[in-house]
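**Q**
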Amino acid sequence: MNTKIFLTTLFGVWLSINPASAQPSKLELAKKNFEDTCIRGFPEAVMNPLKVQQHTFKLLTSENFIYGKETAQLSDQQTISIKDQGCEWYSWEIELVINATLLEKNNKFCDQCLIKQLEQYSILFKPDNKEFYTDSIKPLIKRVQQQKKLKIGTAYDVDPDSEISYTTTIDTLKKLDKQHYKIGLIFSAEL
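Going left to right, the sequence shown walks through residues -22 to -1, 1 to 169 as mature numbering (1 follows the signal peptide of the UniProt record, and there is no 0) numbers them.
#1: Can you tell me whether D135 is buried or exposed, with buried defined as 16 or more other CB within 10 angstroms of its CB?
#2: Rounding to the nearest angstrom, what Cα-Cα distance links L92 and A23 in this structure?
#3: To the nearest angstrom, how far is the alpha carbon of T34 from that of C65?
#4: What is the rounded straight-line gap between the Cα of L81 and the Cα of D89?
#5: Which value, in whole angstroms, describes the spacing of the CA atoms of L74 and Q56?
#6: Check whether the segment 111 to 120 touches the segment 142 to 149, counting contact only when three or more Cβ pairs, one atom from each stretch, lie closer than 8 Å.
#7: Quick one: is F20 buried, meaning 16 or more other Cβ sit within 10 Å of its Cβ, or exposed?
#8: Under a three-way DSSP split, which group does K126 fall into?
#9: So, is F(-12) buried or exposed, given that buried needs 16 or more other C-beta atoms within 10 angstroms?
#10: Return the bridge partner residues of L74 from the DSSP annotation.
#11: Using the three-state DSSP reduction, which class does L28 fall into: helix, strand or coil?
Given below as structure tokens:
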């Protein structure tokens, strides 16, 4: 018992002599900064782990900024990853790898096929997050219903009448190989 007390005391003295070893981690500093300056809560997992495979969620940092990174496998070697970030704003950067057979008609990319897949993916999200996802894809659905082509890099207003800026952008649309497309979407809203 005396040995335990001695070692505990010795460790405490060592920590006081070596303050660098007691410094908060980069993640702890980012969490503190986030709590002190941000109006939104910490990023959380937004997908329902029961609807996907190999689901992961991590809190990560970038220059005292905290964000969530979520990944999952879908059927047939398809994947989804979401970077959830923001402070006075809120953003999901979604990257999808989707089978080409689901996105092509007559061996050409099909906007309507992409919309169909995006609508089907709404089941992947937790109930609290499903509305943000479905609202965010509405301007893409509307554009395709109007027989207009989807454009990469264009920020589409989710609610043009709203006082807050709420947009959806197709960031990436690229054929990776004969079997897969990479689709990048950004859903962004000011709080």
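Idealized CB from N, CA, C, for every residue including glycine.
Being a predicted model, the structure only gives us computed values, none of them experimental.
**A** Judging by the given coordinates:
#1: As a first step, residue 135 is located in the sequence shown; it is residue number 157 there, counting from the start. Exposed.
#2: Translated into the one-based positions of the sequence shown, residue 92 becomes position 114. Translated into the one-based positions of the sequence shown, residue 23 becomes position 45. About 24 Å.
#3: To locate residue 34, count along the sequence shown from 1; it is residue 56. To locate residue 65, count along the sequence shown from 1; it is residue 87. Distance between the alpha carbons of T34 and C65: 22 Å.
#4: For the purposes of this step, residue 81 is taken as the residue at position 103 of the sequence shown. For the purposes of this step, residue 89 is taken as the residue at position 111 of the sequence shown. Distance between the alpha carbons of L81 and D89 is about 8 Å.
#5: Start at 1 with the first residue of the sequence shown, and residue 74 comes out as number 96. Start at 1 with the first residue of the sequence shown, and residue 56 comes out as number 78. Taking the straight line from one Cα to the other gives about 7 Å.
#6: yes
#7: In the sequence shown, residue 20 corresponds to position 42, counting from 1. Result: exposed.
#8: The residue labelled residue 126 in the question sits at position 148 within the sequence shown. Correct three-state label for K126: coil.
#9: Against the sequence shown, residue -12 aligns to sequence position 11. Reliability fails at F(-12), whose pLDDT of 49 lies under 50, so the model's placement of it is uncertain and no value is given.
#10: In the sequence shown, residue 74 corresponds to position 96, counting from 1. Note: L74 sits in a beta bridge opposite I58, I161.
#11: As a first step, residue 28 is located in the sequence shown; it is residue number 50 there, counting from the start. Note: L28 maps to coil in three-state DSSP.
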